[in-house]
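*Asks:* Once you've had a glance at the structure underneath, I'll fire off some questions.
Protein chains: 2
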Amino acid sequence: MTQQTSKQQSPETPDKRLNGVDLEILQGTVQAIAADPELGKCRFRATNAWHGGTDNRTTVKGFYGAKQEIPHQQPFTMRADEPPLLAGGDEGANPVEYLLGALAACVTTSMVAHAAVRGIPIDSLESELEGDIDMNGFLGLSDSTPKGYTHIRVRFRVGTDADNLEQLKELSAFSPVLNTLTHGTNVSIDIEQI
Amino acid sequence: MTQQTSKQQSPETPDKRLNGVDLEILQGTVQAIAADPELGKCRFRATNAWHGGTDNRTTVKGFYGAKQEIPHQQPFTMRADEPPLLAGGDEGANPVEYLLGALAACVTTSMVAHAAVRGIPIDSLESELEGDIDMNGFLGLSDSTPKGYTHIRVRFRVGTDADNLEQLKELSAFSPVLNTLTHGTNVSIDIEQI
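Residue numbers (my numbering), protein chains in the order written: chain B, 294 to 487; chain A, 294 to 487.
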């Protein structure tokens, strides 16, 4: 965890780094997109390969943003599997657990970065998440049971002045994954034969 | 990839394994939940620890289901980071890429498992995903721009008889992550001081 002083700083005179975030880089990105909003349009990408049964691997190599293809410095792989209860080999987190990971990571990063820009120091940050899914929906046993998460609870514990807590909670609302989950999104699925 | 014959099988006389899925186990779970729907109520869990800046790690250790705590055989960790454009060190996939991974994995597993139960053989399966996010929303540069994904496109390529494609597409609708994304879910966020 990065250590920061707990003194609130003025947004007008930030350090170059706060909460471990390089403000010069982040504010450079913000200013560039403010000047040319087209730079903000991103397309994130992933590929997935099935390895039999409930075992499959997602790879991400890069994305489109700032009007260009931006490769990651290395590809990242996520192996997903299911526990034995769902006929899997338990070789990886399962897809709905990956969803919780995406949410945890996104709200954390959004809070930390937006706090840094506003001069709010965070010494430490951790979270616990729990989400409810009734398998009667997924398994097709009940048409009236939702198939996805019906409720996800996130509990953050933050090392910061108590005065900052309410504002940090408000900053969580910037998280793209949180917004995707609470507002929903359009998903198109196409299938073709190999 | 598992190799299966392409012959459509009767749902009444399935092999013990199809598409790499152990049907005896899966159908045992289905029958148990059908007899006692309370067994289907699951609570999935994750914890996340911030490592400074945009670097954070999610850990999943187990979940609640079938009226009991079910530990994974080992904990799974997902490291998330951001690319340099967003002031990160690019040490992991970013949170919105994890969301694509969750979706890819979930639709894949849902399709494979539901196809197995229905006697539809799948020889191979891969997918490509692409999702649109306009950073003007996340960065607070435009109040009218959505902060999350506005559209995600998934393209599957499946090694199976052409006759099966339409039904496989319909089976994708069982995916819990897909349903969470398209219908949205409730997310509660609490913040307390460490």
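Glycine included, every Cβ here is placed at the ideal spot set by N, Cα and C. In this text the structure is predicted, and so the values were computed from the model without any measurement.
Return helix, strand or coil for Asn341 (chain A), following the three-state DSSP convention.
*Replies:* strand
*Asks:* Can you tell me which of B:Gly430, B:Asp416, B:Leu418, B:Val480 puts its alpha carbon nearest to the alpha carbon of Arg446 (chain A)?
*Replies:* B:Val480
*Asks:* Use the C-beta contact count for Thr401 (chain B): other C-beta atoms within 10 angstroms, 16 or more gives buried, fewer gives exposed.
*Replies:* buried
*Asks:* Residues in its own chain within less than 7 Å of Leu332 (chain A) by CB, not counting five upstream and five downstream?
*Replies:* Ala325, Ile326, Ala359, Lys360
*Asks:* Does the beta carbon of Asp436 (chain A) come closer than 9 Å to any beta carbon on chain B?
*Replies:* Chain B contact via Cβ: absent.
*Asks:* Give me the subset of the stretch 387-412 of chain B whose CB atoms are less than 8 Å from a CB atom of chain A, sorted by chain position.
*Replies:* Of all residues in the stretch 387-412 of chain B, only Asn387, Pro388, Val389, Glu390, Tyr391, Leu392, Leu393, Gly394, Ala395, Leu396, Ala397, Ala398, Cys399, Val400, Thr401, Thr402, Ser403, Val405, Ala406, His407 come within less than 8 Å of chain A when Cβ atoms are compared, listed by chain position.
*Asks:* Ile363 (chain A): which of A:Thr351, A:Thr475, A:Phe337 sits nearest, CA to CA?
*Replies:* Closest option to Ile363 (chain A), Cα to Cα, is A:Phe337.
*Asks:* Closer than 8 Å by C-beta to Leu461 (chain A): which residues in its own chain qualify, once you throw out the five before and the five after it? Chain order, please.
*Replies:* Met404, Ala408, Ile413, Ile415, Phe449, Val451, Thr453
*Asks:* Quick test of your reading: Ile487 (chain B) and Leu458 (chain A), contact by CB under 8 Å. State the CB separation rounded to the nearest angstrom.
*Replies:* No, Ile487 (chain B) and Leu458 (chain A) are not in contact; Cβ-Cβ is about 11 Å, not under 8 Å.
*Asks:* Give me the residue from A:Glu463, A:Gly346, A:Asn341, A:Ala397 with the minimum Cα distance to Ser420 (chain A).
*Replies:* A:Ala397
*Asks:* Under three-state DSSP, which class holds Gly333 (chain B)?
*Replies:* helix
*Asks:* How would you call Pro376 (chain B), buried or exposed, if buried means at least 16 neighbouring beta carbons within 10 angstroms?
*Replies:* buried
*Asks:* Apart from the five residues just before and just after Gln320 (chain B), which ones in its own chain have a Cβ nearer than 6 Å to its Cβ?
*Replies:* none
*Asks:* Since Phe369 (chain B) and Val353 (chain B) are thought to touch, with beta carbons under 8 Å apart, how far apart are those beta carbons, to the nearest angstrom?
*Replies:* 5 Å
*Asks:* Using a C-beta cutoff of 9 Å, does Val314 (chain A) count as contacting chain B?
*Replies:* yes
*Asks:* Whose C-beta lies closer than 8 Å to the C-beta of Glu384 (chain A) among residues of the same chain, with five residues either side of it excluded?
*Replies:* Answer for Glu384 (chain A): Asp348, Arg372, Asp374, listed in chain order.
*Asks:* If we ignore side chains and look at the alpha-carbon of each, how far apart do Thr443 (chain A) and His476 (chain A) end up?
*Replies:* Distance between the alpha carbons of Thr443 (chain A) and His476 (chain A): 13 Å.
*Asks:* Considering only the alpha carbon of each residue, which of A:Gly381, A:Asp456, A:Glu423, A:Ala328 lies closest to Gly429 (chain B)?
*Replies:* The sequence given here has Asn at residue 429 (chain B), not Gly. For Asn429 (chain B), the nearest C-alpha among the options comes from A:Ala328.
*Asks:* Can Thr340 (chain A) and Leu471 (chain B) be called in contact, C-beta distance under 9 Å?
*Replies:* no
*Asks:* What is the rounded straight-line gap between the Cα of Ser465 (chain B) and the Cα of Phe431 (chain A)?
*Replies:* 10 Å
*Asks:* Quick one: which chain A residues come within Cβ less than 8 Å of Pro439 (chain B)?
*Replies:* Correct list: Asn472, His476.
*Asks:* If we cut at 9 Å on Cβ distances, does Glu362 (chain B) have a partner in chain A?
*Replies:* no
*Asks:* Tell me where the beta strand (DSSP E) around Lys354 (chain B) begins and ends.
*Replies:* 349-358
*Asks:* At a CB-CB cut-off below 7 Å, which residues of chain B make contact with Ala328 (chain A)?
*Replies:* None at all; the shortest Cβ gap to chain B is about 10 Å.
*Asks:* In chain order, what residues of the same chain have a beta carbon less than 6 Å from the beta carbon of Thr351 (chain A), not counting five sequence neighbours either side?
*Replies:* Ala339, Asn341, Met371
*Asks:* In this structure, how does DSSP classify Pro469 (chain A) when only helix, strand and coil are distinguished?
*Replies:* Looking at Pro469 (chain A) - three-state DSSP - the assignment turns out to be helix.
*Asks:* Using a Cβ-Cβ cut-off of 7 Å (strictly less than) and excluding sequence neighbours within five positions of Cys399 (chain A), which residues of its own chain qualify?
*Replies:* Ser468, Pro469, Val470, Leu471
*Asks:* Using a Cβ-based criterion (distance less than 8 Å to any ligand heavy atom), does Ile413 (chain B) qualify as near the ligand SAH?
*Replies:* Absence of the ligand SAH from the depicted structure is noted, as is the absence of any ligand whatsoever, leaving it without description.
*Asks:* In chain B, what lies closer than 7 Å to Pro414 (chain A) by C-beta?
*Replies:* Here the premise fails: no neighbours, minimum Cβ distance about 12 Å.
*Asks:* So the candidates are A:Ala406, A:Ala395, A:Pro439; which of them puts its Cα closest to the Cα of Thr322 (chain A)?
*Replies:* A:Ala406
*Asks:* According to DSSP, which residues form a beta bridge with Leu316 (chain B)?
*Replies:* In DSSP, Leu316 (chain B) forms no bridge with anything.
*Asks:* Is DSSP giving Leu422 (chain A) helix, strand or coil here?
*Replies:* strand
*Asks:* At a Cβ cut of 7 Å, what residues of the stretch 416-430 of chain A count as close to chain B, listed as they run along the chain?
*Replies:* Ser417, Leu418, Glu419, Ser420, Glu421, Leu422, Glu423, Gly424, Asp425, Ile426, Asp427, Met428, Asn429
*Asks:* Roughly how many whole angstroms lie between the Cα atoms of Val314 (chain B) and Asp427 (chain A)?
*Replies:* 21 Å
*Asks:* Under three-state DSSP, which class holds Pro283 (chain B)?
*Replies:* Outside the displayed span of chain B (294 to 487) sits residue 283 (chain B), for which this structure offers no information.
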